Amino acid sequence: MLKLSALAAVLPLSNLFEKTQAAKVDKPIVLSTWDFGVQANEAAWKVLSANGRALDAVETGARVPEADPKITTVGFGGAPDRDGRVTLDACIMDEHGNCGAVASIEHIMHPVSVARKVMENTPHVMLVGDGATQFALESGFPRENLLTPESEKAWKKWLETSRYKPVINVENHDTIGIIAMDSSGNLSGACTTSGLAYKMHGRVGDSPIIGAGLYVDNEIGAATSTGLGEEVVRIVGCHLVVELMRQGNPPEQACRIAVERIVKKQPQKSKDIQVGFLALNKRGEYGAYCLQKGFNYAVYSNSIKNRLLDSKSYY
Ligand code: ASP
């Protein structure tokens, strides 16, 4: 094997640094929140392993839980709001800092793809409510009924008490956040959710908010979040995680510091809620951290073939 000193003799120093750093990066790689992230990663990996773009991979991955009626926290079959309306939130961000989002969109199975159209075909970053739905229909997305008989039944049961207190790790939330680096080393991310079950009509959490539920900086890394969105918005969570990585913190540590900030701001409340962050840096290192035990995420790379890992937790 060629010694570093011998390499240095033939390469300029900066070039040598890039080469030795590049050798360590396990790319492509994709990470997704929760156990349904395994299926999302599977679809994303098909794109990444064919040398596809991270942006296409995260969109493809996010569409899997969106279309699955058994997943009651994302897309089709997602729990409705208290008025029985399925309103969805999503965003997407690419390696150039381009981003798009939709919030409180109705009747559209793939909000992540609408978010991408907002990014690519409009001068805007976010469309909401009727405007988002109208844009999706005009862009050719079919109008669909997203309320499945099962979700409707569960909502009617909920109406009997109408108790509304977001609790931890149960099926009233769980967003898919998906972040990836492609074989060219470019990063992208996406996030899509039906938000809190039986939320107030019009409620929007962190998931479609760039900087809160998702952030990508192609020089540094990418982060996404899940859990009680209001708490993530308060600290602009994913932007914070990426900035912490910029300051030199490894991904897990960056996620931990963000979680600790939530605890510091709301020590009492933080005991009863869940928030989880998932991050990937430009070197292909990744990590997660959450408030309560129970948050997991799926990783797929050449060396790790789609494994579900448990996040460390504050409590
Ligand atoms: N973050 C989502 C929201 O607040 C829900 C979740 O991920 O559990 O809408």
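Counting in our numbering, the final residue of the sequence shown is number 315, and the numbers go up one at a time with none missing.
Cβ coordinates follow ideal geometry from the N, Cα and C atoms, glycine included.
In this text the structure is predicted, and so the values were computed from the model without any measurement.
What does a CB cutoff of less than 7 Å around Asn41 pick up in its chain, not counting 5 residues either side in sequence? Counted from its first residue, the sequence shown places residue 41 at position 41. Apart from the 5 residues on each side of it in sequence, Asn41 sits with its Cβ closer than 7 Å to the Cβ of Val30, Ser32, Gly61, Ala298, Tyr300 and Asn306 in its chain, given in chain order.
Considering only heavy atoms of the ligand ASP, does any lie closer than 7 Å to the CB of Thr226? Residue mapping note: residue 226 aligns to position 226 of the sequence shown, counting from 1. Because some heavy atom of the ligand ASP lies under 7 Å away, the Cβ of Thr226 counts as near it: yes.
Beta carbon of Leu48 nearer than 8 Å to that of Ala180: Along the sequence shown, one-based indexing puts residue 48 at 48. Along the sequence shown, one-based indexing puts residue 180 at 180. Yes, they are a contact pair.
When you compare only the Cα positions, how much space is there between Asn169 and Met200? Along the sequence shown, read from residue 1 onward, the residue named residue 169 stands at position 169. Along the sequence shown, read from residue 1 onward, the residue named residue 200 stands at position 200. At Asn169, the pLDDT of 49 sits below 50, so the modelled position is not reliable and the matter cannot be decided from this model.
Is Gly229 near the ligand ASP, judged by its Cβ being under 7 Å from some heavy atom? Reading the sequence shown from its first residue, position 229 is the one you call residue 229. At least one heavy atom of the ligand ASP lies closer than 7 Å to the C-beta of Gly229.
Excluding sequence positions up to five away, which residues of its chain have a Cβ less than 6 Å from the Cβ of Arg283? Taking the first residue of the sequence shown as 1, we reach residue 283 at position 283. For Arg283, where only same-chain residues beyond five positions count, the Cβ hits under 6 Å are Val25.
Determine the DSSP secondary structure at Leu187, reduced to helix, strand or coil. The residue labelled residue 187 in the question sits at position 187 within the sequence shown. Strand.
Beta bridge counterpart(s) of Met93 as assigned by DSSP: In the sequence shown, residue 93 corresponds to position 93, counting from 1. Cys99 and Gly189, per the DSSP bridge assignment.
Can at least three beta-carbon pairs, one atom from the segment 237-247 and one from the segment 267-286, be found at a separation below 8 Å? Three or more beta-carbon pairs drawn from the segment 237-247 and the segment 267-286 are found closer than 8 Å, and the two stretches are therefore classed as touching.
Are there any heavy atoms of the ligand ASP lying less than 7 Å away from the beta-carbon of Thr193, as far as the coordinates show? Sequence index remark: in the sequence shown, residue 193 carries index 193 (1-based). In this structure, Thr193 has its CB closer than 7 Å to one or more heavy atoms of the ligand ASP.
What residues in its chain sit with their C-beta under 6 Å from that of Ser313, if we drop five residues either side in the sequence? As a working mapping, residue 313 is identified with position 313 in the sequence shown. Within the same chain, Ser313 has close Cβ partners Cys290, Gln292 and Lys293.
Give the secondary structure of Glu219 by DSSP, where H, G and I count as helix, E and B as strand, and everything else as coil. Here residue 219 is taken as the residue at index 219 of the sequence shown, counted from 1. Secondary structure at Glu219: coil, using DSSP grouped into helix, strand and coil.
The ligand ASP heavy atom lying under 7 Å from the CB of Leu196: Within the sequence shown, the letter at position 196 stands for residue 196. Yes - the ligand ASP has a heavy atom lying nearer than 7 Å to the Cβ of Leu196.
If you run the structure through DSSP and keep just helix, strand and coil, what is Asp68? As a first step, residue 68 must be located in the sequence shown, where it is residue number 68. DSSP places Asp68 in coil when its eight states are reduced to three.
Could you spell out where the beta strand (DSSP E) holding Asp130 opens and where it closes? Within the sequence shown, numbered from 1, the residue matching residue 130 stands at position 130. For Asp130, there is no enclosing beta strand (DSSP E); the residue is found in the alpha helix (DSSP H) stretching over Gly129 to Glu138.
Looking at the secondary structure, which residues open and close the beta strand (DSSP E) in which Ala254 lies? Counting from 1 along the sequence shown, the entry for residue 254 is found at position 254. Looking at the DSSP string, Ala254 is not in any beta strand (DSSP E); the run it does join, the alpha helix (DSSP H), is Pro251 to Lys265.
In this structure, does DSSP put Glu152 in helix, strand or coil? Counted from its first residue, the sequence shown places residue 152 at position 152. The three-state secondary structure of Glu152, taken from DSSP, is helix.
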